[in-house]
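For reference, the structure discussed in these notes is given below.
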Amino acid sequence: MKRGVWILVGLVGAAAWGVIALHRGESISAAWLVLAAVGTYLVAYRFYARFLAHKVLGIDPRRATPAERLNNGRDFVPTTRWVLFGHHFAAIAGAGPLVGPVLAAQFGYLPSTIWIVFGVVLGGAVQDFVILFGSMRRNGKSLGQMAKEEIGPITGLFAMVAILAIMLILLAVLALVVTNALKDSPWGIFSILCTIPIALGMGVWMRVIRPGKTVEATIGGLILLILALVGGRYVAQSPTLAPLFSHGGITIAWGLMVYGFIASVLPVWLLLAPRDYLSTFMKIGTIVLLAIGILIVLPPLRMPPLTRFIDGTGPVFAGKLFPFAFITIACGAISGFHALVSSGTTPKMIRREDDAPLIGYGGMLMESFVAIMALCAACALDPGVYFAINAPLGALGGTVQTAAEHIRQWGFTVTPGQLDALAGSVGEATLLGRVGGAPSLAVGMAHIFSGAFGQRLMGLWYHFAIMFEALFILTTLDAGTRVGRFMLQEFLGHLWEPLGRTSWYPSNLLASGIIVAAWGYFLVQGVLDPLGGINSLWPLFGISNQLLAAVAFCVGTTLIIKMGKARYAWVTLLPLAWLLSVTLTAGWQKIFASDPRLGFLAHARDTAAKIASGALDPATGARLIFNDKIDAALAGIFMAVVVALLLASIREWLAVARGRKAAVVKEAPYVETAYA
Amino acid sequence: MWRRRMRKRWVGGHAGRWVNRPITHLPTYPPTLWFRLRSAFKQIAGMPDYARYLEHARAQHPDCPLLSEREFYDRFISGRYASGGSRCC
Chain A
1 MKRGVWILVG
11 LVGAAAWGVI
21 ALHRGESISA
31 AWLVLAAVGT
41 YLVAYRFYAR
51 FLAHKVLGID
61 PRRATPAERL
71 NNGRDFVPTT
81 RWVLFGHHFA
91 AIAGAGPLVG
101 PVLAAQFGYL
111 PSTIWIVFGV
121 VLGGAVQDFV
131 ILFGSMRRNG
141 KSLGQMAKEE
151 IGPITGLFAM
161 VAILAIMLIL
171 LAVLALVVTN
181 ALKDSPWGIF
191 SILCTIPIAL
201 GMGVWMRVIR
211 PGKTVEATIG
221 GLILLILALV
231 GGRYVAQSPT
241 LAPLFSHGGI
251 TIAWGLMVYG
261 FIASVLPVWL
271 LLAPRDYLST
281 FMKIGTIVLL
291 AIGILIVLPP
301 LRMPPLTRFI
311 DGTGPVFAGK
321 LFPFAFITIA
331 CGAISGFHAL
341 VSSGTTPKMI
351 RREDDAPLIG
361 YGGMLMESFV
371 AIMALCAACA
381 LDPGVYFAIN
391 APLGALGGTV
401 QTAAEHIRQW
411 GFTVTPGQLD
421 ALAGSVGEAT
431 LLGRVGGAPS
441 LAVGMAHIFS
451 GAFGQRLMGL
461 WYHFAIMFEA
471 LFILTTLDAG
481 TRVGRFMLQE
491 FLGHLWEPLG
501 RTSWYPSNLL
511 ASGIIVAAWG
521 YFLVQGVLDP
531 LGGINSLWPL
541 FGISNQLLAA
551 VAFCVGTTLI
561 IKMGKARYAW
571 VTLLPLAWLL
581 SVTLTAGWQK
591 IFASDPRLGF
601 LAHARDTAAK
611 IASGALDPAT
621 GARLIFNDKI
631 DAALAGIFMA
641 VVVALLLASI
651 REWLAVARGR
661 KAAVVKEAPY
671 VETAYA
Chain B
677 MWRRRMRKRW
687 VGGHAGRWVN
697 RPITHLPTYP
707 PTLWFRLRSA
717 FKQIAGMPDY
727 ARYLEHARAQ
737 HPDCPLLSER
747 EFYDRFISGR
757 YASGGSRCC
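Heads up: the sequence lines are chains A and B, in that order.
Note that this note's numbering has the first sequence beginning at 1, numbered continuously upward.
Note that this note's numbering has the second sequence beginning at 677, numbered continuously upward.
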């Protein structure tokens, strides 16, 4: 009976893949993507996750977890498996799995689907699970600490530098996504601004007025949020109020920097915690809503399976299918950032060791499913509309007429009237050139929601989707600036002791200021970039995130080898090899490619030639060139750090393999569980 | 349901010992659906759950004074965001 069910699940998944692979010409339904993905996830979870758990890692249900041994009722708390699954999923899911697939949709839906599904099954979920397991066996140690203890002290330092640099790029690129979604949009700016007083009010409510009453404050906050959303429409239509809330990219970028600075030095209870609760529920609620919407509407995919842009001439970002599809979609397939979450709060809350596959492996499968839904939402749009929103203004010209003409040359049809009508229906003056993925995802989601829950509310759904993304991106700006601040303070503390004190206010202000200035620099350059900013920043983010995943796989492989399971080390070595080939190729191309849209150095040379011929004023040109060099240096540093880490790991592996070093892991001692 | 079951447990981390303690993962609060739902909701969002803390403190540290709801909230929040909070992209 049971075997029959699994054979059926496997057959349904295989049949769906068959339909996707063999269908040419007419558009297919999103249902096939969903079926293929879910079928593959279920089979992988049942067989591969179980193989990892029992054969490779040796999960022992009788071994007490840190949550049980160190239970303190606060951070070490044994938690029911499905509740912890929800908690872990809420911590790993963010803007990444939503934005990446939307950007990569310029290649068509086929490569992204294959990478999202098989990347997660063989790579991303393995990483999350192995790191979660390693951290759980070490009382919840972080990735950096594990790298230090199992590979070597210098590795820990490298990992820390890599994490800080990745954090800055992540914050800059996410802030850029918000900036592009909000520029010249009074409705969007008003509703996002409203979230700040709402969160402050919730913070005061939960700590001062009715201490600890988090649930009622959150429900109140959500109601106010909806009111702000509805109010935004009146602001946008009012001739007196609309100009007050309509700002260009540079103003918004500075606003985000000021916000990030102030938010990261305020006490956590006042702004960060309430905003975190709000965005968690918006996130889970919207993802559930999107799943229901896609299942009700089952939209046909208008995007072709493969577009001509696999040759590297794509308007959304430059670069060929290999390697750029695989770094553009990072979260959703493999995300190094998850290694930080899997070695953060989650391992301290696992009740029994055999809950770990569901939480580590299963949680990541769920995130991958979110990426598939985002891909469906983007590919259900008319390709002409998709490119009108996602191509930079420089490639489209300034008006709907020029945009329609350019898109026709790319081989897709869209009329100026269609673009105007769409912008009008979502309450915006224009949607042209809103690069960054969020606006086109919001249009796709608004299509699906209004198809499922009522046609007339298109504008409201669009701004709901924008607010939902902006809300948790702002939370990430705040939290990420804090993480960066703590890391910087730890470092500065070695130079002058008082600077390391996180309780000393001047030190906090200084460190926060440095971190905000660092990501703010990339943000402002991204806003000013004639190619749209996303073209250079998103690949850098993708490369850095995948390289962090490579670090995690190095640590994971070391753990497996030191556990005496070297014959199974391929489970982490294979994804590691793939990631290294993808990211080192992409990094190399971003630095040295001769196409100025792709290579940073080529772009610098191109700009210099333009200055010489008088086509560009020298001040702007010098800024662009300087920026290209910084981007190139950053990509180079990422690559160097990872190669160094890899060499250190290989040395350690060989030492164990040759018997020069004992295959011993530094786990917490075995204690029998009481939760039998 | 309300009777406390006892079992030997390892207490005190690395330098710990075996102690006879009540089994605390069985709920000692009224296991109503509302109570459990609220608790699950709070844990998923990473909110402080005072009822669970009270249960833990009464069972594990009966001789220590209990934190007030405000004190517990402050400690929980500062602990959870001590390193800035872990989250993904």
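Ideal Cβ positions, reconstructed from N, Cα and C, are used throughout, including at glycine.
Under the assumption that residue i contacts residue j (Cβ atoms under 8 angstroms), give the Cβ distance between them as a whole number of angstroms.
i: residue 34/A; j: residue 294/A; result: 7 angstroms
i: residue 301/A; j: residue 27/A; result: 5 angstroms
i: residue 575/A; j: residue 350/A; result: Not a contact, Cβ separation roughly 23 angstroms.
i: residue 336/A; j: residue 545/A; result: 5 angstroms
How many Å lie between residue i and residue j at the Cα?
i: residue 52/A; j: residue 115/A; result: 21 angstroms
i: residue 306/A; j: residue 20/A; result: 12 angstroms
i: residue 164/A; j: residue 145/A; result: 15 angstroms
i: residue 404/A; j: residue 128/A; result: 44 angstroms
i: residue 618/A; j: residue 611/A; result: 6 angstroms
i: residue 174/A; j: residue 659/A; result: 47 angstroms
i: residue 519/A; j: residue 168/A; result: 5 angstroms
i: residue 152/A; j: residue 309/A; result: 43 angstroms
i: residue 238/A; j: residue 232/A; result: 10 angstroms
i: residue 132/A; j: residue 355/A; result: 11 angstroms
i: residue 443/A; j: residue 353/A; result: 42 angstroms
i: residue 678/B; j: residue 735/B; result: Residue placement at residue 678/B is flagged as unreliable, the pLDDT there being 42, under the threshold of 50; the coordinate-derived value follows with that caveat. Each residue's Cα considered, the two are about 13 angstroms apart.
i: residue 602/A; j: residue 319/A; result: 14 angstroms
i: residue 391/A; j: residue 183/A; result: 16 angstroms
i: residue 36/A; j: residue 578/A; result: 23 angstroms
i: residue 16/A; j: residue 381/A; result: 21 angstroms
i: residue 551/A; j: residue 645/A; result: 7 angstroms
i: residue 234/A; j: residue 61/A; result: 58 angstroms
i: residue 340/A; j: residue 137/A; result: 16 angstroms
i: residue 384/A; j: residue 407/A; result: 6 angstroms
i: residue 244/A; j: residue 179/A; result: 17 angstroms
i: residue 713/B; j: residue 296/A; result: 27 angstroms
i: residue 322/A; j: residue 32/A; result: 25 angstroms
i: residue 471/A; j: residue 192/A; result: 7 angstroms
i: residue 134/A; j: residue 559/A; result: 7 angstroms
i: residue 399/A; j: residue 108/A; result: 26 angstroms
i: residue 6/A; j: residue 45/A; result: 11 angstroms
With burial defined as no fewer than 16 other Cβ atoms inside 10 Å of the residue's Cβ, what is the status of residue i: buried or exposed?
i: residue 376/A; result: buried
i: residue 710/B; result: exposed
i: residue 445/A; result: buried
i: residue 450/A; result: buried
i: residue 695/B; result: exposed
i: residue 744/B; result: exposed
i: residue 247/A; result: buried
i: residue 76/A; result: buried
i: residue 455/A; result: exposed
i: residue 268/A; result: buried
i: residue 348/A; result: buried
i: residue 702/B; result: Because the pLDDT of residue 702/B is 46, which lies under 50, any placement of that residue in the model is unreliable, and the question is left without a value.
i: residue 22/A; result: exposed
i: residue 99/A; result: buried
i: residue 596/A; result: buried
i: residue 613/A; result: exposed
i: residue 748/B; result: buried
i: residue 47/A; result: exposed
i: residue 469/A; result: buried
Which residue wins for smallest C-alpha separation from residue i, given the options the options?
i: residue 480/A; options: 363/A, 77/A, 252/A and 265/A; result: 265/A
i: residue 514/A; options: 482/A, 178/A and 498/A; result: 482/A
i: residue 289/A; options: 374/A, 61/A and 379/A; result: 374/A
i: residue 393/A; options: 299/A, 531/A, 407/A and 370/A; result: 531/A
i: residue 272/A; options: 625/A, 475/A and 39/A; result: 475/A
i: residue 580/A; options: 123/A, 185/A, 452/A and 203/A; result: 123/A
i: residue 126/A; options: 637/A, 662/A, 623/A and 553/A; result: 553/A
i: residue 672/A; options: 565/A, 223/A, 69/A and 55/A; result: 69/A
i: residue 523/A; options: 140/A, 130/A, 256/A and 85/A; result: 256/A
i: residue 277/A; options: 29/A, 142/A, 222/A and 298/A; result: 222/A
- Message: Taking 8 angstroms as the cut-off, does the stretch 137-156 of chain A touch the stretch 202-213 of chain A (at least 3 CB pairs, one atom from each stretch)?
- Response: With the cut-off at 8 angstroms, the stretch 202-213 of chain A and the stretch 137-156 of chain A do not touch.
- Message: Three or more C-beta pairs under 8 angstroms: does that hold for the stretch 76-96 of chain A against the stretch 457-467 of chain A?
- Response: Contact between the stretch 76-96 of chain A and the stretch 457-467 of chain A is absent, because fewer than three Cβ pairs lie under 8 angstroms.
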